[in-house]
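Undergrad:
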Amino acid sequence: MADIRLLNVTKSYGKHRVVEGFTIEIRDGECFTFLGPSGCGKTVVLRMIAGFEQPDEGEIFIGERLVSAPARRHYIPPEERRIGVVFQDYAVWPHKTVLENVIYPLTIQKVAKEEASERALKTIAMVNLGGLEHRMPFQLSGGQQQRVALARALVSRPDVMLLDEPLSNLDANLREEMRFEIKELQKNTGVTILYVTHDQEVALAISDRVAVMGTDGRICQIGTPDEIYEQPIDPFVFRFMGVSNFLPLEEREGRLFVRESAAALDHPIPAGREEAVRKGRLVAGCRPFDIKLMPPGRGTQGVVQRSSYLGPIIDYAVTVGGTELRVQQSIAEALAGGGPLPEGSTVGLHFPDLKWFEQEGELTQAGGAA
Amino acid sequence: MIGRLLKRLSIAEVLLALSVLVLVVVVAVPVFLIFWTALFVDGSMNIDDIVKILSEPDTYEALKNSIVIAAGVTVCSTILGVFFAWLVSRTDLPFKNTMKLLFLVPFMLPSFIGALAWKMLLSPYSGYINKFLMNTFDLADPPFDIFTLWGIIAVETMYLFPFVFIQVSGALERMDPTLEESARISGAGLLTITRRITLPLMLPSIGAGALLVALYSLAHFGVPAILGNEVGIYIIPTKIYEKLHQSAGSFTAIRTGTILASILVISAGLILWAQSAILKSGRFQVIAGKSMRPMLLKLRGLKYPLLLVSVIYLAVTVLLPTATIFLVGGLKTYGLELTMENMTLDNLKYILFEWQMTKDSIWNSFYLSLAAAFVTMLVGTLISYVIVKMKIRGKFILEFLGVLPFSVPGTVIALGVILTWSGKFGINIYNTAWIIFVAYIARYMAFSLKSNSAALEQVHDSLEEAARACGATHWQALKDIVIPLIKPGMVAAFFLIFLPALRELTTSVLLYGPTTRTIGVAIYTLNEDGETVYAATLASVALVIIVIGHFLIKRVTRTSNEGV
Amino acid sequence: MSYVHLKNVTKRFGDVVAVNNLTMEIEKGECFSMLGPSGCGKTTTLRMIAGFEDLDEGEIAVGERVFSSSAKRYYLPPEKRDFGMVFQAFAVWPHLNVFDNVAFPLQIRNLSRADIAERAKLALRHTGLDKYERSYPNELSSGQKQRIALARAIAINPTVMLLDEPLSNLDPKLREEMRFEIKDLQRKFGFTIIFVTHDQSEAMALSDRILVMRDGVVQQVDSPINIYTKPANRFIFSFIGLSNFLPVVFRNGSAFIEGAEDAGPIAGTIPADRGNDRMLLACRPSEIDLQKDGGVRALVKRKVYLGDIIDYRVMVGDTEVRVQKSRRSPSFSEGESCCLRFSQMHWYPHEDS
C-alpha cells in the first residue's frame, strides 16, 4: 500500500497545456477521485502516474519511491511501478481465457505455478467470476469483462490501483452494481484507489475524497463527497454536481429580489455578502429538489411553464422574474398536494437551501449534470 | 548479449531506424534513381531530351494507348461492377449469395492466362471461335479480332471489374438502410431513390473502385503484351519491356524507360491522391449503426432472365477460357481440333518432369513467392507497428515512406531495382533470383502494410498498456499480447503476397535471367516463341496451383480467426 | 374517436413470433408510446405501420382507409402513406444540404418551386435550423442532424408521425431538450405521434398513453401515471423503475418477510386474496420510510451518498432491501438498526417471475 504524491507536475501536448503546476497528495488506503468534464486532463494525470506518459516538469512519488522526475531524467517504466490499472474499454486480452488473463501478472513475476494459480483463482472468486475461469472474453458480458480486468489488476497485490472511467461503457444497472463492488473490494483489500470519471454520481458514491477539476486542468475543490455537494466552492462545482438553478439577485429596501423583477425572496441578505449584493454580483444556487412548491400568494411568485411526468418525480420549469428554474417534486408529494400543477398556473416558491456565489462572468441557466 | 544491447537502446528507436532503413533501401532508392536517371544526364538536368523522347512516335503512341486502354477498361469495369453489385445486393435475384461469391472468381484467374485463352479463341484466323463461325456461316473474313485496342480493353475488363464490384457491393451492404427508408417514407419510389439517394451515396465507393481499376490497368503488362505486341500495339509497361530487351540495356533505352516509368509513378500518385480526397470528405459517410435488412427491388418477370445473363457472363469469362487453356494444353499439336483423340498427357509429363526450363520456372516461382511473402510479412508487421502504435519523433518520415509502395507500379519497381542492384552501389545481383526477390518485397510491401496496420488498429492501445501495468516489459508485451492478437492479420498478409507472387509477370518479366524464369515469365516466353500448347499446359498447371492456394487460404484464415 | 387502428396484428420472423395478435387504437392528435426492452416487437410494429414490413395476420387502418391487410394481401407502399418518420440513426442524406434534405419530400410531390421553398423554410424555422440551410449534415452536430430529420418529417405536414427511438443516439442533455421540442412541434402541427422507445422516463415525459410490450405481447396500455402507480404485473413494475421484490408469508392475518418473521409484521393494508399464503411484495426504494422504530426491524448494511439521495442497502433477515431517501431525511449509518415502513405496496403472486 502506498500514497501517491504529485509535485508541480506540468504536461503539454504541442502548444496545448494540459496541466500546469499540478500538486496533489492521495493518502494511503483511500479512494480518491478525479472528477471533471472530458478534456480536463484527469486521464492524462492518471496516465502519468501509471507511467504511460511522462510529465514535462515536476515529480511523482508512489509511496517513498520517486517514479517520474524529468528534471533528473529519472523515469521508472510502468511495469516496475507496482500498480494495477483498469481501463475504460476493459482491455481484457481476447486471446486468453479468464484465468490466463488474471494469472499473467504472476507469470511475469515468475511466481511458482501452484501459488500463482491459487492466487489467481482466489482473485477471480473475489470479483464474483468463480466458475468462469476457462471462458474466453468474447463469451462474457461487458460487466464480466470489467471484472476480469479488476481481478487482473488486483492479483499481484499492487500498491495502488488506477481506474480510468472503468464503468462508462456499462449500462446504468450494471454501472451501479459494479460501483458497489469496487467499493467492497477496496474495503476488503485496503488498496489505494485513484479513480477518474466525469460522472458525478459515481464519484459521490465511491470516494473518500473527490478532486473536482475544471476544463483548464486546474483543481477547483478537494473534499469529501458531502463537502463537495453541500459546500461547493464556486458555481462551476455546483453545476457540475447535478442539475442546478441560479438566481441573480439584487437588493431593494433591505430585501432580496430576483434581479430586474418584482419577485421577492423571503430570505435575509446573507452575512458577509452585503458588498456583493450592492454591486449586483450575488447569485443564489439551488437544486430542483431544494425548492418547495406552495399555493400562490406565499413565498416567491412563479409561473409553471412546463410540467413533465417522469415516473417517481415530476419535473417543472417555473419562471421567476424572467429566470427559468427547474423544480422537481416526488410523485407522492405531488399527489398529496392534489396532483401535478397544470402548465400556466401560478405557484409560490420557497428556497430552504440556497448556496451563495459571487458572480464573475456570465452564468448559464439551469445547466444539467455534465 | 543482443538482449542487453536492446535494453540499453530504446526499443522505439531501434524499430524506427530498422523500418526506415528497409523502406529506403527497398523502395525509396529505386524510385529516386528512376527520377534521377530520367531528369539528369551527366549530372545536369536535361528537359529537352525528355520532350524529344516523349515526342518520338513510338513512345507517344504508347502513352496514347495507355490512356485509351485505361480509360476504356475503367469505364467498362465500372458499368459492369456497379450493375452486378446492385443486382446481388439490392434486388431479389435468386441464389444471390452464391452469385456474390461467383462474381469474385474472375479475380482468381490471372489476366494474362485469360488473354492467352482469348487469343486461342479469337485470334483472326486460328482462333477456335472464329474458325467455327467462318466454317458454319461460310464467312470469308473472321468476325472477331482480339489483337486490337478493343480486344485488350474487353479482356482486361473481364478480370478487373471485381475491383468495382467488391467496393460497391460492400458499401451497399454497410449502408444504413434507413437512409433509403426515410426517402421512401418521404414519398419516393424505388427508382427515384436509386437515382437520387442510393447512387449519389455510392459515388465514393464507385470512384474508389474505378480508380483502382485505372491504376491497375495503367501498370498492367500481361494482357497488352500478349494481345498487343504481335500487332504493334504498345502501352507504357510493354514499351519499357521492349526497349530494354531490344537494346540489351543501352543507356538511351534505360533513359526512355525511366521517363515512361516516371510518368507511371506520377499518374499512380495522382490517382491515389484523388482516391483519398474522395474518401476523406465526410459528406458520404453512410455506415449503418444497427444492421437491418435493406429494401429489395422485386425483379418479378426479369428475375430469371437476369440470373441467366449473370450465369452466361460468368461462363463466358471464366469457364470458357479456363476450359480452353486445359484443352489446348492437352493437344498433341496447336491447331488440331479439340477432340478426345487429339489429347495427350505427354505435354504435362514433359513440362513437369523433363524440360529443365519449365521445371525451373515452377520451382523459382514457388520459393521466390514463399521467401518474399515471409520476409515482406515480417517487415510489414514491424513497419506497421511503428506507424500505428508508436509515439516517437521522426515517425512522419516513415509515414511518408510507407505510402510509397502503394503508388509504385510493378514495371517501375523492376526498372528501379535494375538501376539500384546492377553494381551501381557495389552489389550486382542482376540476372540472379535475388533481384526478383528484392523487387517482390518492394512490390508487395503495400499489401503487407495494409493488412498488418488494419490488424494493429484493431488492437487497442490499452491492451498493450494493460500488460505493461501487469509488469511486462515492452518486449514481453509485444510477444505475449500484440503478436498473438495480430497473427490473423499476419497470416492474411502472407497469403495476400504469396498467391499473387506465384503468378507474377509484370515485374519478373523485366528481371529474369537464363535460369530464373518464373511461371508467369515461362508462360509468356513460351507464347512469344510460338509454343502455344506448352504455354497452355504450363498455364493449366498454374491454374491448378492457384485454385489449391485459394482453397488453403480459406482454410487457414478460417481456423486462425476462430482462435480469437 | 380513434384514428390509427391495428387489428389482431401478428408478425413472425421464421419461428420467432415478433408481434403476437396485437390490437390497438390510437386517437387523433395523441402522443402514443410503445415501450419495452429491445426485441419486444415495438420497432417491428412501427415498421408495419410505416409499411416496411408485411403482416402475417391482421389489418392496419388509418382513418377510414385500410393501409395493410394480410387477408386481402393489400399493402399500401410506404411512399404512399404520407407519414412523417424519424429514425434512431438520423438517416439524413449526407450528399444533400440541409435545405435539400428537407425539400426532398416536397419535390417528390411535384409542388411548385415557390411552394417547396416556402414550406421547407417553415419547417426549418420551426426546428431552429434557418441558419443552416446551406450546410451539409457532416458539418452539424448530432442534435442538429436529428432536427433535420424532424424538419424533413414535418415538411409535408403529415397527420401521423412515427418516431423510432429518435433520442437514443443523443447525449442526455440534448435528449431532454429534443423531447421538449418534439412536444412543442406536436402542439403547433397537431399530428398524431407514435413513439417507440426502451427508455421509460422518455415515454412517461412525452406520452398521453403508453403501451408496454414484452416478447411481442401487450402487457398494459394506460396513462403514464397509471403505468407507474398501478403496473399490471411484475414485469412492468420492474421495467418502469428501481424495484424491490420481497417474498412475503402470511401468519394469523399479518404479513411477514419470508425468513424474517421475528423482524415483525408489515404494517398497512394486506391484500384479501393471498394466493397460497405466500406473495411477492413489490415496492420502490423511494417509497420505503426508514425510521428509528415502528415497522419491520432491519439493519443498515451499506450507505452510499449520491448527492440529493442517500442510497441504503438494508437487511431484513437474509433479504436485502434497497431504500432511497432524500439527503434531508434522518440519516442512518452503516451497522445501525432501523425500521422499515412501506408507503406504497404492490402485491404479485409468488410464482410470477
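Chains as they are written, first to last, in the numbering used here: chain X, 1 to 370; chain U, 1 to 564; chain H, 1 to 353. The beta carbon of each residue, even a glycine, is placed where N, CA and C say it ideally should be. Predicted model only: the values in this text are computed from it and were never measured.
Once you ignore the five residues that flank LEU349 (chain X) on each side, which residues in its own chain have a CB closer than 8 angstroms to its CB?
TA: Correct list, in chain order: ILE291, LYS292, LEU293, MET294, GLY299, THR300, GLN301, GLY302, VAL318, VAL320, LEU325 and VAL327.
Undergrad: Let me make sure I understand the geometry here. Which of H:ALA71, H:PHE67 and H:GLY84 has the alpha-carbon closest to that of PRO77 (chain H)?
TA: Measuring from the Cα of PRO77 (chain H), the nearest candidate turns out to be H:PHE67.
Undergrad: So which of H:PHE13, H:LEU46, H:MET85 and H:HIS350 has the shortest CA-CA distance to ASP56 (chain H)?
TA: Nearest C-alpha to ASP56 (chain H): H:PHE13.
Undergrad: Using only CA atoms, which one of U:LEU172, U:MET158, U:GLY301 and U:TRP150 lies nearest to GLY228 (chain U)?
TA: Checked all of U:LEU172, U:MET158, U:GLY301 and U:TRP150; the closest Cα to GLY228 (chain U) is U:TRP150.
Undergrad: Considering only the beta carbon of each residue, do HIS198 (chain H) and ASN276 (chain H) sit closer than 8 angstroms?
TA: Contact: no.
Undergrad: Taking only beta carbons into account, state which residues of the region 228-245 of chain H come closer than 7 angstroms to chain X, listed in chain order.
TA: Within the region 228-245 of chain H, the qualifying residues are TYR228, ILE240 and GLY241.
Undergrad: Looking only at its chain, what residues have a beta carbon closer than 6 angstroms to the beta carbon of LYS42 (chain H), apart from the 5 residues adjacent to it on each side?
TA: The answer, listed in chain order, is MET34, GLY36, VAL196 and MET213.
Undergrad: Along chain X, in chain order, which residues have C-beta atoms closer than 7 angstroms to that of LEU308 (chain U)?
TA: What LEU308 (chain U) touches in chain X: nothing, since even the nearest Cβ is about 43 angstroms away.
Undergrad: Should the region 282-300 of chain H be regarded as contacting the region 244-260 of chain H, the criterion being three or more beta carbon pairs within less than 8 angstroms?
TA: Short answer: they touch.
Undergrad: So which residues on chain H does ASP176 (chain U) lean against when the C-beta distance must stay under 7 angstroms?
TA: Here the neighbours are ALA89 and ALA91.
Undergrad: Can you tell me which residues form a DSSP beta bridge with THR300 (chain X)?
TA: THR300 (chain X) pairs with X:LEU349.
Undergrad: CYS40 (chain X) and MET213 (chain X) - do their beta-carbons sit closer together than 8 angstroms?
TA: Yes; because the gap between Cβ atoms is below 8 angstroms, this pair is in contact.
Undergrad: Mapping DSSP to helix, strand and coil, what is ILE313 (chain X)?
TA: In the structure shown, ILE313 (chain X) sits in a strand (DSSP, three-state: E or B).
Undergrad: Would you say GLU562 (chain U) lies against chain X (beta-carbon separation less than 8 angstroms)?
TA: Any reading at GLU562 (chain U) needs caution, since the residue's pLDDT is 47, under 50, leaving its predicted position unreliable; the model's value is listed next. It does not: the Cβ of GLU562 (chain U) has no partner Cβ on chain X nearer than 8 angstroms.
Undergrad: Below 8 angstroms between beta carbons: does that hold for ARG90 (chain U) and LEU296 (chain U)?
TA: Yes. Within cutoff.
Undergrad: Determine, using beta carbons only, whether LEU290 (chain H) and PHE237 (chain H) come nearer to each other than 8 angstroms.
TA: Not closer than 8 angstroms, so no.
Undergrad: Give me the chain H residues within the contact set of PRO225 (chain X), using Cβ-Cβ distance strictly less than 7 angstroms, ordered along the chain.
TA: Within chain H, the residues near PRO225 (chain X) are TYR305.
Undergrad: Starting from TYR606 (chain U), trace the alpha helix (DSSP H) in both directions and tell me its first and last residue.
TA: Residue 606 (chain U) is absent from the model: chain U starts at 1 and stops at 564.
Undergrad: In chain order, which beta strand (DSSP E) runs of at least 3 residues are fully inside the region 152-196 of chain X?
TA: Listed in chain order, the complete beta strand (DSSP E) runs (minimum 3 residues) inside the region 152-196 of chain X are 160-164.
Undergrad: So what does GLN139 (chain X) bridge to, in DSSP terms?
TA: Its beta-bridge partners do not exist; DSSP assigns none.
Undergrad: Does the beta carbon of SER330 (chain X) sit closer than 8 angstroms to a beta carbon anywhere in chain H?
TA: It does; some Cβ of chain H falls within 8 angstroms.
Undergrad: Which residues share a DSSP beta bridge with GLN377 (chain X)?
TA: A question about residue 377 (chain X) goes unanswered here, because the residues of chain X that appear run from 1 up to 370.
Undergrad: Measuring CA to CA, which of X:ARG5, X:GLU25, X:PRO55 and X:ILE108 is closest to ALA466 (chain U)?
TA: The option with the nearest alpha carbon to ALA466 (chain U) is X:ILE108.
Undergrad: Which residues in chain U have a C-beta closer than 8 angstroms to the C-beta of ILE108 (chain H)? List them in chain order.
TA: Result: SER186, GLY187, ALA188 and THR192.
Undergrad: Would you mind giving the Cβ-Cβ distance between VAL86 (chain H) and ALA153 (chain H), rounded to the nearest angstrom? I have them listed as a contact below 8 angstroms.
TA: Indeed they touch by this definition, with Cβ atoms about 5 angstroms apart.
Undergrad: Looking at the unbroken alpha helix (DSSP H) that takes in MET390 (chain U), where does it start and where does it end?
TA: Element bounds for MET390 (chain U): n/a, residue is neither H nor E.
Undergrad: Assign ARG517 (chain U) to one of two classes, buried (16 or more other C-beta atoms within 10 Å of its C-beta) or exposed (fewer than that).
TA: Looking at its Cβ environment, which holds 16 or more other Cβ atoms inside 10 Å, ARG517 (chain U) is buried.
Undergrad: Are the region 15-23 of chain U and the region 400-408 of chain U in contact at 8 angstroms, needing three or more beta carbon pairs?
TA: Judged by Cβ distances under 8 angstroms, the region 15-23 of chain U makes contact with the region 400-408 of chain U, as three or more pairs qualify.
Undergrad: Got a sec? Which residues, its chain only, sit under 6 angstroms from ALA261 (chain U) by beta carbon, not counting five neighbours each side?
TA: These residues qualify, in order along the chain: ILE34, VAL412 and LEU415.
Undergrad: With 8 angstroms as the threshold, decide whether the Cβ of PHE189 (chain H) is near any Cβ in chain U.
TA: No - not a single Cβ of chain U is within 8 angstroms of the one on PHE189 (chain H).
Undergrad: Could you give the DSSP three-state label for PRO225 (chain X): helix, strand or coil?
TA: Residue state, collapsed to three classes: helix.
Undergrad: Please state if the CB of PHE238 (chain X) and the CB of SER244 (chain X) are separated by a distance shorter than 8 angstroms.
TA: Cβ atoms of SER244 (chain X) and PHE238 (chain X): closer than 8 angstroms.
Undergrad: Are the C-beta of THR473 (chain U) and some C-beta of chain X separated by less than 8 angstroms?
TA: So yes, THR473 (chain U) belongs to the interface.
Undergrad: If we ignore side chains and look at the alpha-carbon of each, how far apart do GLY58 (chain X) and THR319 (chain H) end up?
TA: Answer to the nearest angstrom: the Cα atoms are 52 angstroms apart.
Undergrad: Determine the direct distance from the alpha carbon of TYR348 (chain H) to that of THR23 (chain H), and round the result to whole angstroms.
TA: Approximately 26 angstroms, taken between the alpha carbons.
Undergrad: Taking C-beta pairs closer than 8 angstroms, name the residues in chain B that PHE289 (chain X) reaches, listed in chain order.
TA: Of the protein chains in the structure, X, U and H, none is chain B.
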